[in-house]
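*Asks:* Supplied in structure tokens, the structure appears directly below.
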Amino acid sequence: MSLEVRAFDAPLGAEIIGLDLNDPLGPETVETINQAFFDHHVLAIRDQDISMDRFMDVAGCFGTLQSQHVKHYAHPNTDKVSMISPQLNDDRSGPNAKPLYRGITFHTDHSYFPVPCKATLLHAKQTPSKGGDTRFLNMHTVYDDLTEEMKNKVDGLNCLHRLAGSRRNKTGRVMSDEEIQNSPTAVHPLVWVHEDTGRKAIYFNPNRMDGIEGWSDEDSDALLDELEALSFQARYEYRHKWKPHDVVIWDNRSVLHAATDDYDEPRLLHRILLEGTKPS
Ligand SMILES: [Fe+2]
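Just add 9 to the spot in the sequence shown (first one is 1) and you have the numbering used here.
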């Protein structure tokens, strides 16, 4: 069966059909997948019953694997794989223990580092019978749809990104005072020119920012609130419904993503991050 890239009926995303990731990936296949990645930003490959080692090998065909920042969630055998599971990610042991749902607001991974990861890959080891979708927003289209006045306003601005940023949603993982004090910080352009395609996208991380560089908090919050409202619209969204053995890869330079917390059955995804380059 030959490889087919089938775009979703959505503003972004495509399924790769006709691929068995247990087989070696030849250069033509890697090139086809890379091109689909640039064109569609989110790729899903269904029914991939592969080992963790094979998942790492496959990821390595598309970039350099990055060590996981939060060691607490890393797989016990390697810090190149993180375990996404509300049950395993519970960091409050004892009688108050409860599942921890991570990443449930729209974000891009690791923007608070000077060189953010370019891509994230997930492999579904166990999925709930319903719920637990992952949502994606096409940030190229968000930029393209801005008025000329707004494009002129945002082009050239820089954003301050911080893990414990002032715009942080306080319902997520509890951070220690030390972690907040030592929170990684980076400055990135608000409009990111994609290094492989040259397309512009709004690059921000609603939950991990302190604001616009050089602007007052009031003016900065007003603009970021406006951009969030413009971005968080169904017309920019693809919603992935997970099945066991799904592999999904997305471009953190092109999309925002969010998990959902509407399930209580066990769920486990393996996550790999690929190193990026400094934004321009
Ligand atoms: Fe994430």
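Note that CB positions come from ideal geometry on N, CA and C, so glycine has one too.
Between the C-alpha atoms of residue 84 and residue 167, what's the straight-line distance to the nearest angstrom?
*Replies:* C-alpha separation (whole angstroms): 35 Å.
*Asks:* Could you work out which residue in 145, 188, 80 and 161 is closest to residue 269 when comparing CA atoms only?
*Replies:* Nearest option by C-alpha distance: 145.
*Asks:* From 280, 281, 20 and 55, pick the residue whose C-alpha is nearest to that of residue 149; which is it?
*Replies:* Closest by alpha carbon: 20.
*Asks:* Classify residue 199 as buried or exposed, calling it buried when 16 or more other Cβ atoms lie within 10 Å of its own Cβ.
*Replies:* When all chains shown are included, residue 199 counts as buried.
*Asks:* Assuming residue 88 contacts residue 261 (C-beta within less than 8 Å), just tell me the rounded distance between them.
*Replies:* Not a contact, Cβ separation roughly 19 Å.
*Asks:* From 272, 86 and 22, pick the residue whose C-alpha is nearest to that of residue 279; which is it?
*Replies:* Cα-wise, what sits closest to residue 279 is 86.
*Asks:* Let me check understanding here. Comparing Cα to Cα, which of 49, 244 and 143 lies closest to residue 93?
*Replies:* Among 49, 244 and 143, the Cα nearest to that of residue 93 is on 143.
*Asks:* Could you please give me the residues that DSSP links to residue 261 through a beta bridge?
*Replies:* Paired residue(s): none; residue 261 is not in a bridge.
*Asks:* Residue 123: buried (16+ other C-beta within 10 angstroms of its C-beta) or exposed?
*Replies:* Classification of residue 123: exposed, given that the 10 Å Cβ count is below 16.
*Asks:* Looking at ligand 1, does it come within less than 7 Å of residue 266, judged from the CB to the closest heavy atom?
*Replies:* Yes.
*Asks:* Grouping DSSP H, G and I as helix and E and B as strand, with all else coil, what is residue 161?
*Replies:* Here residue 161 sits in helix by DSSP.
*Asks:* Anyone know if the C-beta pair for residue 170 and residue 214 falls short of 8 Å?
*Replies:* Result yes, Cβ atoms of residue 170 and residue 214 sit closer than 8 Å.
*Asks:* Would you check whether ligand 1 has a heavy atom nearer than 7 Å to the C-beta of residue 22?
*Replies:* Not under cutoff, so the answer is no.
*Asks:* With respect to 7 Å, is the separation between the Cβ of residue 116 and the closest non-hydrogen atom of ligand 1 below this value?
*Replies:* Because some heavy atom of ligand 1 lies under 7 Å away, the Cβ of residue 116 counts as near it: yes.
*Asks:* Taking 7 Å as the cut-off, is the CB of residue 112 close to at least one heavy atom of ligand 1?
*Replies:* Yes, the Cβ of residue 112 comes within 7 Å of a heavy atom of ligand 1.
*Asks:* Given a cut-off of 8 Å on the beta-carbon distance, is the pair residue 73 and residue 283 in contact?
*Replies:* Yes, these two residues count as a Cβ contact at 8 Å.
*Asks:* Taking all protein chains shown into account, decide if residue 46 is buried (16 or more other Cβ within 10 angstroms of its Cβ) or exposed.
*Replies:* So residue 46 counts as buried.
*Asks:* Whose C-beta lies closer than 7 Å to the C-beta of residue 232 among residues of the same chain, with five residues either side of it excluded?
*Replies:* Only 221 meet the Cβ criterion.
*Asks:* Less than 8 Å between the C-beta atoms of residue 210 and residue 152, yes or no?
*Replies:* Cβ atoms of residue 210 and residue 152: closer than 8 Å.
*Asks:* Quick one: Cα of residue 139 to Cα of residue 157, how far?
*Replies:* Cα to Cα, the separation comes out at about 42 Å.
*Asks:* Any idea what DSSP makes of residue 252, helix, strand or coil?
*Replies:* It is coil, neither helix nor strand.
*Asks:* Please state whether the Cβ-Cβ distance between residue 259 and residue 51 is less than 8 Å.
*Replies:* A contact, by the Cβ cut-off of 8 Å.
*Asks:* Quick check on residue 25: buried or exposed, where buried means 16 or more other Cβ atoms within 10 Å of its Cβ?
*Replies:* When all chains shown are included, residue 25 counts as buried.
*Asks:* How would you write the range of the alpha helix (DSSP H) that residue 148 sits in, first residue to last?
*Replies:* Run containing residue 148: 148-153, per the alpha helix (DSSP H) assignment.
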